[in-house]
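Reviewing the structure listed below.
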Amino acid sequence: MNDQMIQAVPNTPGVIAGRIFIYGLLILMTFYFLLPLIVMVLTSLKTMDDIRSGNLISWPTEFTLDAWKAAWGSACIAVECNGVKTYFWNSVKIAVPAVSISTIIGAVNGYVFSKWKFWGSEVFFTFLLLGCFIPFQAILLPMAQTLGKLGLSQSLAGLILVHIIYGLAFTTLFFRNYYVSIPDELVKAARIDGAGFFRIFWKILLPVSTPIFVVCVIWQTTQIWNDFLFGVVFSAGGNQPITVALNNLVNTSTGVKEYNVDMAAAIIAATPTLLVYIIAGKYFLRGLTAGSVKG
Amino acid sequence: MTSLVHTPTARKKSLFDHLEIFLPKLVLAPTFIAGIIFVYGFILWTAVLSFTKSRLLPKYEFVGLYQYVKLFTNDRWWVASKNLLVFGFLFVVICIVLGLLLAILLDQRIRIEGAIRTIYLYPMALSFIVTGTAWKWILNPSLGLERLVRQLGFENFSFDWLVNADMSIYTVVIAGVWQSSGFVMALFLAGLRGIDDAIIKAAQVDGASLPRIYWRIIIPSMRPVFFSAVIILSHIAIKSFDLVMVLTRGGPGYSSDLPATFMYAFAFTRSRLAFGAASAMVMFGAVMAIIIPYLYSELRVKRNE
Amino acid sequence: MNPKLLRNILAICLAVGMLASSAIAGEVEVLHWWTSGGEAKSVAVLKDLLEKEGHTWKDMAVAGGAGANAMTVLKSRAVSGNPPTAAQVKGPQIQQWGDEGVLTNLDDVAMAANWDKLLPKVVADVMKYKGRYVAVPVNVHKINWMWANPEVFKKSGAKIPTTWAEFETAAKKIQAAGFIPVGWGGQNWQEATVWESIVLGIGGSDFYKKALIEADPEALGSATMVKCFDTLRMVLQYIDKDAPGRDWNLATSMVIQGKAGMQFMGDWAKGEFKAAGKKFGTDYIAMPVPETSNGYLFNVDSFIMFNVKDAGAKKAQKAMARLIMEPKFQEVFNINKGSIPCRLGMSRNPFDFPAIYSFDTFEATAASGALLPSMAHEMAVFPAIRGAMFDVVTNFCNSSMTSQKAAENLAAEVKNAI
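If you're matching them up, the sequences are chains A, B and C in order.
Numbering-wise (the numbering used here), the first sequence opens with residue -11 and increments by one.
Numbering-wise (the numbering used here), the second sequence opens with residue 59 and increments by one.
Numbering-wise (the numbering used here), the third sequence opens with residue 412 and increments by one.
Next comes the structure, spelled out in structure tokens:
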């Protein structure tokens, strides 16, 4: 909605009532969205006695940061009692290469699908998109077998490879939709001038790609950082990402559950993605605005 | 436009032409190979497995349609399939409606737009393993919302969907909508902001009211956004695994089971690998039957625009 | 010194060093799901013992679903040709893994330590594949326990029940006094845990064997089974309506807080009472599930050992198997975990009363033949059949299915799953 539209509407009581209604509805919705986070934060600040004797959703009788300290540094996850910090860095080691490589490949793919179409490229793109509908549980065993044959089973490289492969469909989709909105004339003119494939990419498309790079990085980081299934099946002890550690901490089968430490650990696990969303949020919108959503 | 390359024209031309034909295909080659092996190759592998009698690990003794027959006489599979239709439909529709509504509201030049937008968007940043426990407590009658409202004085308030076999799938919808509608809202907000002002101004000059402008002009022009949203949401709905496992574990009984959790339980936990593979193939087939026509119609429209 | 000579000496030292170390110590990669609290402490004990002998322990912990996630990981690794050295697998699944031909032979360790004499036959048989040991048992959990809050019973004027008829009387009194008779967690494994104890109590050991171990369709659809379902339906009248989906520890907490009178749960529930500072005998008591005082449903956790090529790893594997069955580990591990040693003839002294009772019953039933594997805890039937039984029982508990229909469904589903 642009400014001219707003100025054209007078400030009558009807309009003010309308504004109140709009704000009211928006704020009501914020409660719906914030509710689980509030519950988690409150629980992480309680003591175990409080949790055991009180309700699970109630105001703490005393506030303590013990659960947080334990979650980061001393909670026992199987035989290691060092909290989640090593797993946190493992996730970083997995996410950074996987996100960057899949984004770059997606960018080049998107470039080809939008500016260098050839016979069968649309069909190929459709099949690429279709492929992202298989549930990942179905590919666990064949992927394990393939990685085994490649000598990459239970290795960091293998896990990163898996993330890259299954991220390609979406990264390509994002970049293709974005580049489609860049006028073909620009590319045609450059080709007449004698510019080649990579030159055009480097000089014309990349410079205006920042918003969509941000969108892609945000999406991929979210998917990869929060992934549990691939992380648990394709990694080995030393490389497990934080989602696996969190699951181990929270899902004890016959032991005593310490809900406050679990919640603190869960929030620690979510911090990077939350930060990415908060900081890069406005770029996210800018990236989506600049044509990425238009078919 | 400045010239981008200093390549001497005549000599290298033919080599360049050659390269130009191959380069795009060369660039796509890794993705192509990855798609063939790791997506469609594995689907084929799953299909082959569904015709065997594998239990714990793959064993290639073929038994024809044995597993499929067992699948269609399995009560739990029908419950899971029905649930996917209910959940998928409600999830996609509610997310789109809610996302669109919130986007339109946010588009009205709200002061604290940035903060509210982040609040709506953050659920997608969190893995459901993280937030699922909180939702389980909130939706549980004796621990959460029902108890809270009753304590506030409304003695007759009842919200026991989570523990009710008929209603449990709807709690999965509630949590799912919470997680994804913010992202849809962002998509629509971006789409709204990309609309050409001239059309709107012309409509206002003609005397059209705001709601009418939205209904007649703005929403129809966002068809591509609807397309992206439907693709992303249905992909999330079909893959919903953590959502069910953490919130209801498929319960009470198996009333909130979904095909993805069904497949996992039978293929892995119950060591009936071929049976699980059959369920994966049926699910994949059903999804294709719906998505392919949709993709075809949308992409064809785009080409004609 | 002559550089060439120095280099040669260094090379020889290195070679000898490597030879020596690879001959003595190896690495065991262990897949398990004991990831938290008391469970993790117990695993740490084994790790320490192993490391004291010079081997290294590489941990591969995967929690969730009481092993469901771990089994997925294990299968993926087996398919990729890179299985861990040892994995926590229990029950008939051990035989299924044996069928795949990937397990190693532990007979040399077993003979040396005389495992056949140290384990009841019914337990030893689960650890063997085609007569040879492929797995080593770690502990024994008793499943058919009933935990009760004496305060609640006193306030209601009810008596702790030993039969199902007494249970009904007591439950009615507790309900009338405003408490919840049974703290219940509506998850399929918990429902199955109560159901199998009922089957043992009402049907007896022989019926339990036919129905839940041999999965005989006739027994499953029989009138006795209908009676079992009737009893389950009766028990279900005394749970609260918010039970579906509730975790077992939250149900225990209901008993701890005095909101509920009893809970049917295995011996690990003791951990919750202890953590809340409750005293056995005064704040809580433990009784066998009604009508099962002469029976013992067991859950034995065990590790299977895979065929590995590395000589060091092989040695470490055998060391691990040997250490697990030795008294030191058996004692410390089980005190931490709340279970009892599977090794016969251990001293009762360090254990508390519920465990001592468990000891006694274990030995008595081993002799009488009433020591039976728990179906609900993966000890009795293959996972496919267990899954089918679970589906019917959980459906029964969460719908208004009749007992007759339940028994019919049970027979049909189990036949379908074979």
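Where a beta carbon is used, it is the ideal one built from N, C-alpha and C, also for glycine.
Kindly list, in the order they appear in chain A, the residues whose Cβ is closer than 7 angstroms to that of A603/C.
The residue you call residue 603/C lines up with position 192 of the third sequence. By Cβ distance, chain A contributes nothing, its closest Cβ being about 15 angstroms from A603/C, past 7 angstroms.
Less than 9 angstroms between the C-beta atoms of V288/B and P317/B, yes or no?
Residue numbering aside, residue 288/B sits at position 230 when the second sequence is read from its first letter. Residue numbering aside, residue 317/B sits at position 259 when the second sequence is read from its first letter. Their beta carbons are not under 9 angstroms apart, which means V288/B does not touch P317/B by this criterion.
Pairing CB atoms from the region 469 to 484 of chain C with CB atoms from the region 439 to 456 of chain C, are three or more of them under 8 angstroms?
The region 469 to 484 of chain C is in contact with the region 439 to 456 of chain C.
Going along chain C in order, which residues have a C-beta closer than 9 angstroms to the C-beta of S334/A?
As displayed, chain A neither begins before -11 nor continues past 283, which places residue 334/A out of reach and without an answer.
Can you tell me which residues form a DSSP beta bridge with W468/C?
The sequence position of residue 468/C within the third sequence is 57, counting from 1. In the DSSP output, where bridge partners are listed per residue, W468/C has V439/C.
Going by alpha carbons, who is nearest to I26/A out of G343/B, I95/B, P351/B and W195/B?
What you label residue 26/A is simply residue 38 of the first sequence in a count that begins at 1. For the residues G343/B, I95/B, P351/B and W195/B, the minimum Cα distance to I26/A belongs to W195/B.
Interface residues of chain C around S32/A at Cβ under 7 angstroms?
Translated into the one-based positions of the first sequence, residue 32/A becomes position 44. Chain C residues near S32/A: none, gap ~17 angstroms exceeds 7 angstroms.
Give every residue of the same chain whose Cβ lies closer than 8 angstroms to the Cβ of P181/B, excluding the five residues on either side of it in the sequence, and list them in chain order.
The residue given as residue 181/B occupies position 123 in the second sequence. T189, W236, Q237, S238 and G240.
Measure the C-alpha to C-alpha separation of S280/A and A178/A and round it to an integer number of angstroms.
Taking the first sequence and counting its residues from 1, one reaches residue 280/A at position 292. Taking the first sequence and counting its residues from 1, one reaches residue 178/A at position 190. At S280/A the pLDDT is 43, less than 50, meaning the model places this residue with poor confidence and gives no usable figure here.
So what does F714/C bridge to, in DSSP terms?
Counting from one through the third sequence, the residue named residue 714/C turns up at place 303. Paired residues: Q499/C and V547/C.
Verify whether the separation of the beta carbon atoms of W193/B and P24/A is less than 9 angstroms.
Taking the first residue of the second sequence as position 1, residue 193/B is located at position 135. Taking the first residue of the first sequence as position 1, residue 24/A is located at position 36. Yes, the Cβ-Cβ distance between W193/B and P24/A is below 9 angstroms.
Look at the alpha carbon of I93/A and the alpha carbon of R187/A, and state the distance between them as a whole number of angstroms.
For the purposes of this step, residue 93/A is taken as residue 105 along the first sequence, with counting starting at 1. For the purposes of this step, residue 187/A is taken as residue 199 along the first sequence, with counting starting at 1. Their backbone Cα atoms lie some 16 angstroms apart in a straight line.
Decide yes or no for the touch test of the region 263 to 278 of chain B against the region 86 to 103 of chain A: beta carbon pairs closer than 8 angstroms, at least 3 of them.
No, the region 263 to 278 of chain B is not in contact with the region 86 to 103 of chain A.
Name the chain C residues whose beta carbon is nearer than 8 angstroms to that of A59/A?
Along the first sequence, one-based indexing puts residue 59/A at 71. Neighbours of A59/A on chain C: none; closest Cβ ~12 angstroms, over 8 angstroms.
Does F51/A pass the burial test, meaning 16 or more other C-beta atoms within 10 Å, or should it be called exposed?
If you number the first sequence from 1, residue 51/A lands on position 63. When all chains shown are included, F51/A counts as exposed.
Please list the segments of the beta strand (DSSP E) lying wholly inside the region 218 to 287 of chain B, counting only runs of 3 or more residues, in order along the chain.
None, since the region 218 to 287 of chain B contains no complete beta strand (DSSP E) of that length.
Could you tell me which chain B residues have their CB closer than 8 angstroms to the CB of Y20/A, listed as they occur along the chain?
The residue labelled residue 20/A in the question sits at position 32 within the first sequence. Under the 8 angstroms cutoff, chain B gives W236.
M182/B versus chain A: which residues are under 7 angstroms apart at the beta carbon?
For the purposes of this step, residue 182/B is taken as the residue at position 124 of the second sequence. Ordered by position in chain A, the residues that pass the 7 angstroms Cβ test against M182/B are T210.
Quick check on M59/B - is its C-beta less than 9 angstroms from some C-beta in chain A?
For the purposes of this step, residue 59/B is taken as residue 1 along the second sequence, with counting starting at 1. The pLDDT assigned to M59/B is 45, lower than 50, so where the model puts this residue is not dependable; a value taken from the coordinates is nonetheless given after this. So yes, M59/B belongs to the interface.
Could you pull out every residue in the same chain whose Cβ sits closer than 6 angstroms to the Cβ of D627/C, ignoring the five residues on either side in sequence?
Your numbering for residue 627/C matches position 216 in the third sequence. Around D627/C: K621.
Starting from the C-beta of L163/B, find all residues in its chain whose C-beta is less than 6 angstroms away, skip the five residues before and the five after it, and write them out in chain order.
Translated into the one-based positions of the second sequence, residue 163/B becomes position 105. Within the same chain, L163/B has no close Cβ partners at all.
Any C-beta of chain B sitting closer than 9 angstroms to the C-beta of M716/C?
Within the third sequence, the letter at position 305 stands for residue 716/C. Closer than 9 angstroms: no.
What is the DSSP secondary structure of A569/C, reduced to helix, strand or coil?
In the third sequence, residue 569/C corresponds to position 158, counting from 1. If DSSP states are grouped into helix, strand and coil, A569/C belongs with coil.
Report the residues of the region 323 to 343 of chain B with a CB closer than 9 angstroms to any CB of chain C, ordered along the chain.
Answer in chain order: A323, F324, A325, F326, T327, R328, S329, R330, L331 and F333.
Specify whether the region 130 to 149 of chain A and the region 497 to 516 of chain C touch according to this definition: at least 3 beta carbon pairs, one from each stretch, less than 8 angstroms apart.
In short, these stretches do not touch, since the Cβ pair count stays below three.
Taking K382/C as the reference, give the member of A766/C, V637/C, M716/C and P655/C with the closest Cα.
Absent from the model: residue 382/C. The displayed extent of chain C is 412 to 829, so no value can be given.
Nearest to G589/C by CA position, among V666/C, I571/C and S567/C, is which residue?
As a working note, residue 589/C is residue 178 in the third sequence. The candidate whose alpha carbon is nearest that of G589/C is S567/C.
For M17/A and chain C, any beta-carbon pair shorter than 9 angstroms?
Taking the first sequence and counting its residues from 1, the one referred to as residue 17/A is at position 29. Not one chain C Cβ lies under 9 angstroms of M17/A.
Along the chain, where does the alpha helix (DSSP H) that runs through V137/B open and close?
By one-based count along the second sequence, residue 137/B stands at place 79. From DSSP, the alpha helix (DSSP H) with V137/B extends over D133 to L164.
Identify whether S433/C lies in helix, strand or coil by the three-state DSSP scheme.
Counted from its first residue, the third sequence places residue 433/C at position 22. Low per-residue confidence applies at S433/C: pLDDT is 44, beneath 50, and the placement is therefore not dependable, though the value from the model is reported in the following sentence. S433/C: helix per DSSP, three-state reduction.
Between F564/C and I591/C, is the Cβ-Cβ spacing less than 9 angstroms?
Counting from 1 along the third sequence, the entry for residue 564/C is found at position 153. Counting from 1 along the third sequence, the entry for residue 591/C is found at position 180. It is not a contact, given that the beta carbons lie outside the stated cut-off.
For the region 166 to 180 of chain B and the region 1 to 20 of chain A, state whether three or more C-beta atom pairs, one from each stretch, are separated by less than 8 angstroms.
Yes, the region 166 to 180 of chain B is in contact with the region 1 to 20 of chain A.
What are the residues of the region 476 to 493 of chain C that lie near chain B, defined by any Cβ-Cβ distance shorter than 8 angstroms?
Cβ contacts with chain B come from G476, A479, M482, T483, K486, A489 and V490.
Can you list, in chain order, the residues of its chain whose CB lies under 8 angstroms from that of G122/B, leaving out five sequence neighbours each side?
Indexing the second sequence from 1 puts residue 122/B at position 64. Excluding positions up to five away in sequence, the list reads F109.
Is the beta carbon of F709/C less than 9 angstroms from the beta carbon of Y695/C?
For the purposes of this step, residue 709/C is identified with residue 298 of the third sequence, where counting begins at 1. For the purposes of this step, residue 695/C is identified with residue 284 of the third sequence, where counting begins at 1. No, the pair does not count as a contact, with Cβ atoms beyond the cut-off.
Does DSSP put P123/A in a helix, in a strand, or in coil?
Numbered from its first residue, the first sequence carries residue 123/A at position 135. In this structure, P123/A counts as coil in the three-state DSSP scheme.
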